[in-house]
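In what follows, a structure is listed as structure tokens, so that the remarks can point back to it.
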Amino acid sequence: MDAGLLRRVEGYIEELFVPPDPALEAALEESRKAGLPEIQISPNQGRILQILVALAGARRVLEIGTLGGYSAIHLARALPEDGFLVSLEIDERHAGVARRNVERAGLGGKVEVRVGEARELLSGMIRLGEGPFDAVFIDADKRGYPEYLELSLRLSRPGTLILADNLIRGGDVLEPRDEAARAVHRFNQMLARDRRLEATIVPILRERLDGFSVARVTGL
-10 MDAGLLRRVE GYIEELFVPP DPALEAALEE SRKAGLPEIQ ISPNQGRILQ ILVALAGARR
50 VLEIGTLGGY SAIHLARALP EDGFLVSLEI DERHAGVARR NVERAGLGGK VEVRVGEARE
110 LLSGMIRLGE GPFDAVFIDA DKRGYPEYLE LSLRLSRPGT LILADNLIRG GDVLEPRDEA
170 ARAVHRFNQM LARDRRLEAT IVPILRERLD GFSVARVTGL
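Numbering-wise (the working numbering), the sequence shown opens with residue -10 and increments by one.
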């Protein structure tokens, strides 16, 4: 499927199902002005994320990879009044942009952005007994995906929803030739083989074909 057709299909879906949203549009604009890389989830992925987290009835959500807070806004909107999102970001500048975007969206009271290396932050959360979380979203350094999954499972419970982005990478995972593609391929194998999980990958249409995991923890 060529890139032009992928863009048209994505545009068709977004025109039908993704209404204009000033807070999200402002978050994207603020991120662009700050020079953040434009690697956030698509508007339709945000819609999917929000619906899935709401369907799971999640109250406590963990996000690994904040960037400019675009996905955090979607996640926080899915939460009930007493819900809370902890989002982990390695870059202090990105975290500052995300905090401003979340605050502008009226969600500052529901979101905490923590700065640091994800492995260290997750390990610290495990030591402090901060789990379990009801849903986890992984969208960070692809080389860390396998370890992020293992650490996330230690912060989960039976029924926890685990979502992750960029799992097909334009087909690179079919014959992985770089470290990131190999790590994502290992992550996908873990999803498929781990008896603690019930999982699949949903294809995502963007400028290239990608994938989004939907996994449920069945036992620990």
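Beta carbons: idealized from backbone N, C-alpha and C, even for Gly.
Quick check: residue i and residue j, are their CB atoms within less than 8 Å of each other?
i, j, result
"E52", "S20", "no"
"L17", "I62", "no"
"G72", "R48", "yes"
"R185", "T207", "yes"
"T189", "V173", "no"
"I127", "A169", "no"
"G120", "R205", "no"
"D123", "A45", "yes"
"R195", "L(-5)", "yes"
Throw me the rounded Cβ distance for the residue i and residue j pair, which I believe falls under 8 Å.
i, j, result
"V42", "L180", "At roughly 18 Å, the Cβ-Cβ gap does not stay under 8 Å, so V42 and L180 are not in contact."
"V86", "G57", "5 Å"
"A94", "A129", "Actually they do not touch by this definition, with Cβ atoms about 21 Å apart."
"L209", "F176", "Incorrect: roughly 19 Å between the Cβ atoms, too far for contact."
"I79", "G113", "Between G113 and I79 the Cβ distance is about 14 Å, and since that is not below 8 Å, they are no contact."
What I want to know is whether the C-beta of residue i ends up closer than 7 Å to one or more non-hydrogen atoms of the ligand MN.
i, result
"E119", "You won't find the ligand MN in this model; it holds no ligand whatsoever."
Excluding five sequence neighbours on each side, which residues of the same chain lie with their C-beta closer than 8 Å to the C-beta of residue i?
i, result
"Y59", "L13, A16, L17, S20, Q29, I30, G35, N90"
"P26", "L56"
"I115", "L140, R143, L144"
"F6", "N33, R36"
"P165", "R171, V173, H174"
"I40", "A67"
"E136", "R108"
So for residue i, helix, strand or coil by DSSP?
i, result
"D154", "strand"
"V206", "strand"
"E164", "coil"
"G200", "strand"
"V7", "coil"
"P147", "coil"
Output needed for residue i: all residues of its chain with C-beta closer than 7 Å, excluding positions within five of it in sequence on either side, in chain order.
i, result
"V100", "A61, A65, L74, S76, V91"
"G200", "L156, I157, I190, V191, P192, I193"
"D167", "none"
For residue i, I'd like the list of residues in its chain whose CB is within less than 6 Å of its CB, leaving aside the five on either flank, ordered along the chain.
i, result
"R197", "G159"
"V125", "L51, S141, I151"
"T161", "The identity of residue 161 in the sequence shown is Asp, whereas the question assumes Thr. Closer than 6 Å at the Cβ level, and outside the excluded window around D161, lie A170."
Entirely enclosed alpha helix (DSSP H) segments - the segment 51 to 130, minimum 4 residues: 59 to 66, 81 to 93, 107 to 116
Alpha helix (DSSP H) segments (min. 4 residues) lying fully within the segment 22 to 49: 32 to 44
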